[in-house]
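Asks: Got a structure for you, written out below as C-alpha cells; questions coming shortly.
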Amino acid sequence: MIFSKIESAPREEIEKIQLKRLKEVLKRVYHLSRFYKNKFDEMGITPDDIKSLKDIQKLPFTRKQDLRDNYPFGLFTVPMSEVVRIHSSSGTTGKPTVVGYTATDMDVWNEVMMRIYAMGDVTSKDVVHNAYGYGLFTGGLGFHEAAQKLGATIVPASGGFSERQLMLMRDFGATVLCATPSFALHLAEVARREGPEFKKDYKLRVGFFGAEPTSEGLRKEVAKAWQIEYVEVYGLSEIIGPGVSASCNKGIGLHINEDHFYPEIIDPETGKVLPEGEEGELVITTLTKQALPLIRYKTGDITKLHREPCACGRTFVRMDSVKGRADDMLIINGVNVYPSQIEHVIANYEDVSLNYQIVAAKKGYLDKLEVIIEVNENVPFNEENLNKIKKDLIHKFLNNLYINAQIDLVKPHTIERSMGKAKRIIDKRK
Ligand code: DLL
C-alpha cells in the first residue's frame with residue numbers, strides 16, 4: 000500500500016519540488032540563523048547562488064559538533080513559542096544534541112511515519128505494540144503518534160520488562176511490533192521458553208525495526224523467529240527521528256522520503272560527492288523542517304544510493320541498509336571492518352547465536368580482536384564442540400574479512416541483553 004501520491008511521482012516532479020523547497024530552506028537559514036549566515040558569508044555564497052539541485056555541492060556541511068556547540072537551541076530558526084516538542088540524543092559523551100519541532104514539523108513527521116506504516120499495510124484494524132523507548136529518544140513517540148493518526152490501536156509499551164511485554168502482546172492481540180532488532184530477538188528468545196510452538200499464541204504479522212545497524216543475517220533471524228514481515232526503518236533525531244527511509248520489501252533497500260530529505264553520498268574523508276552507486280557517508284539536507292533545518296548534515300552512516308525502478312511502484316531513491324557508522328569502523332592491524340560484517344559471519348554459522356560482543360584491544364604494538372559469542376542452546380557445551388566451532392569461526396573470519404580473531408565461546412544467556420539499542424563493541428584502544 001502506497002500512502003502518498005508523491006511517493007510514486009515521476010522523477011521530474013519530485014526534483015522540481017526538491018529544488019523549490021531547497022531554495023526556501025536556504026533563504027530560511029540564511030535569514031534566520033546566525034550560524035548559517037556566518038558559514039555562507041565565509042564561503043562567499045548566498046541562497047541565490049543555488050540554481051539547481053547539483054549546486055547543493057557548493058554549500059557547507061553541518062556536523063553533530065555544530066549542534067553541540069550551539070547547545071541547546073542555538074540552531075533553531077523559530078522562536079521557542081513555536082516549538083511544540085523537544086527530543087534529544089542520549090549524550091553519553093559531552094552535551095546531548097537537542098532537536099525541536101514546530102506543529103508543522105510534527106505534521107511532516109507523522110506524514111512520513113504513516114508512509115512507513117503503509118509499507119507494512121498497517122491500518123486502523125491493527126494493534127501496534129510499540130517497544131521503542133518513550134522519552135527524549137525519538138523512537139517511542141515517533142512510532143506512537145503516526146499509529147494513532149492512522150487509527151490503529153497503539154500500545155505504548157516502551158522498552159524493558161520482556162515477560163510483561165510478551166504477555167501484553169499475546170493478550171491484546173498485537174499484529175504489529177515496533178522495536179530495535181536486538182530487542183525483538185531478545186523477546187523471541189524469552190517467548191521461546193514457552194515452547195518451540197510459541198508463535199501460535201501471537202498474532203504478529205509485521206514488524207518495524209531500526210535504530211541500530213544490523214546484518215542481513217540478523218534481519219532474517221528476527222523475521223524467522225517471529226514469522227513476520229520485516230520492515231526496516233532508518234532515521235536520526237537530528238533530521239526528524241524514525242521516518243527518513245524504510246524498506247518496501249519488493250526490492251532491495253530503503254526508500255528515502257525525498258520530498259522532505261535530500262540525500263547525498265560523500266567520501267567521509269575528503270567530503271567529495273561520490274558517483275551514484277558508490278558507498279560512502281550519507282549526508283542529508285532537510286527540505287521542509289522549520290524549527291531545526293539542517294543543511295548537508297553529515298549523518299556518519301555508511302551506505303549507498305540506487306535509483307533503478309522498484310517493483311513496489313515508488314520512485315523515491317533507495318539507500319542500502321546502513322553498513323555501520325563511519326566512526327564505528329574498526330581498523331584491526333590495518334584491515335577495515337564494520338561490526339555488521341562480523342555479525343554477518345556469526346549469523347551464517349549455525350552453532351552460535353546472535354548474542355555476541357566485539358572487543359578491540361592492543362597487544363603490544365598489534366591490534367587484537369576478540370569476539371565473545373554465545374553457543375546455541377541445542378549445542379552441547381563440551382570441549383570437542385567448542386574446539387570445532389572456534390576453529391571454523393577463526394577460519395571464516397580470516398577468509399571472509401582477513402582478520403585474525405580470537406573467539407571466546409560462552410554459554411547461552413551469559414551476555415547481557417539490550418532493552419534498546421544494542422552495545423556490542425568495546426574498543427579498549429580509544
Ligand atoms: O535511532 C531514530 C530511529 C528510531 C530510527 C527508531 C529507527 C527506528 P538516533 O537515536 O538519533 O535516532 O540515532 C540515529 O541510529 O545515525 C544510525 O547510526 C542509527 N540507525 C537508525 N536507524 C538505523 C537503521 C534513531 N535502520 C542513528 N540501520 C543513525 C542502521 C540505524 N542504523
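Sequential numbering of the sequence shown, starting at 0, is according to numbering that gives the first Met the number 0.
Yeah, the Cβ is synthetic: ideal placement off N, Cα and C, and Gly gets one too.
These numbers come from a predicted model, not from an experiment.
#1: Quick check: the segment 400-415 against the segment 326-344, are at least 3 beta-carbon pairs closer than 8 Å?
#2: Apart from the five residues on each side of it in sequence, which residues of its chain come closer than 8 Å, Cβ to Cβ, to T101?
#3: Closer than 6 Å: is that where the CB of Y233 sits relative to any heavy atom of ligand 1?
#4: How is H86 classed by DSSP in three states: helix, strand or coil?
#5: Here's a check: name, in chain order, each residue in its chain whose Cβ is nearer than 6 Å to the Cβ of P212, leaving out the five neighbours to either side.
#6: Per DSSP, what kind of secondary structure is F75 in: helix, strand or coil?
#7: Grab me the residues of V409's own chain with a C-beta within less than 8 Å of its C-beta, minus the 5 sequence neighbours each way, in chain order.
#8: Using 8 Å as the Cβ pair cut-off and three pairs as the minimum, do the segment 257-275 and the segment 198-209 touch?
#9: Express the C-alpha separation of E280 and I49 in angstroms, rounding to a whole number.
#10: Can you determine whether any heavy atom of ligand 1 sits closer than 6 Å to the C-beta of G138, and answer yes or no?
#11: Which residues mark the beginning and the end of the alpha helix (DSSP H) in which Y116 is found?
#12: Looking at C-beta atoms only, is the number of pairs between the segment 291-298 and the segment 23-34 that lie closer than 8 Å three or more?
#13: Thinking just about the alpha-carbon of each residue, which of T413, L253 and Q64 is nearest to the one in H185?
#14: Please state whether the Cβ-Cβ distance between T137 and S236 is less than 7 Å.
#15: Counting only runs of 3+ residues fully inside the segment 135-174, write out the beta strand (DSSP E) ranges in chain order.
#16: In terms of alpha-carbon separation, which member of T174, K53 and Q405 lies closest to G119?
#17: Who are C177's beta bridge partners in DSSP?
#18: Please report how far the alpha carbon of A151 lies from the alpha carbon of N129, in whole angstroms.
#19: Nearest CA to the CA of I239: which residue from S123, T96 and E193?
#20: Does the count of Cβ pairs from the segment 263-277 and the segment 302-317 closer than 8 Å reach three?
#21: In the DSSP output, which residue or residues are listed as bridge partners for N354?
#22: Please state whether the Cβ-Cβ distance between D426 and A325 is less than 7 Å.
#23: Taking Cβ to Cβ, would you say E434 is nearer than 7 Å to G209?
#24: Return the Cβ separation of I345 and V351 in integer angstroms, given the expectation that the two are a contact with Cβ distance under 8 Å.
#25: Tell me whether N335 sits in a helix, a strand or coil according to DSSP, three-state version.
#26: Under 7 Å between the Cβ atoms of L385 and N332?
#27: Give me the DSSP bridge partner(s) of A404.
#28: Select from A145, K36 and N347 the residue whose C-alpha is nearest the C-alpha of E215.
#29: Of the residues Y229, G419, K36 and Q17, which one's Cα is nearest the Cα of S161?
#30: May I ask you to check if the CB of P95 is nearer than 6 Å to at least one heavy atom of ligand 3?
#31: Say yes only if the C-beta of V321 is nearer than 6 Å to one or more non-hydrogen atoms of ligand 1, and no if none qualify.
#32: Could you tell me the boundaries of the beta strand (DSSP E) in which F260 lies?
#33: So A421 and T179 are supposed to be a Cβ contact under 8 Å. How far apart are they, rounded?
#34: Helix, strand or coil for A310 per DSSP?
#35: Excluding five sequence neighbours on each side, which residues of the same chain lie with their C-beta closer than 6 Å to the C-beta of K367?
#36: Below 6 Å, is the gap between the Cβ of P262 and the nearest heavy atom of ligand 1?
Replies: A quick look at the data gives this:
#1: yes
#2: V77, E81, V82, V83, Q289 and A290
#3: yes
#4: strand
#5: V321, G323 and S339
#6: coil
#7: I371, I372, E373 and V374
#8: no
#9: 23 Å
#10: yes
#11: A102 to M118
#12: yes
#13: T413
#14: yes
#15: 152-154
#16: T174
#17: N129 and F207
#18: 12 Å
#19: T96
#20: yes
#21: Answer is none; N354 lacks a bridge partner.
#22: no
#23: Residue 434 is absent from the structure shown; the chain starts at 0 and stops at 429.
#24: 6 Å
#25: strand
#26: no
#27: L368
#28: N347
#29: G419
#30: Annotation note on ligand 3: not contained in the displayed structure, which lists ligand 1 as its ligands.
#31: yes
#32: F260 to I265
#33: 7 Å
#34: coil
#35: A360
#36: no
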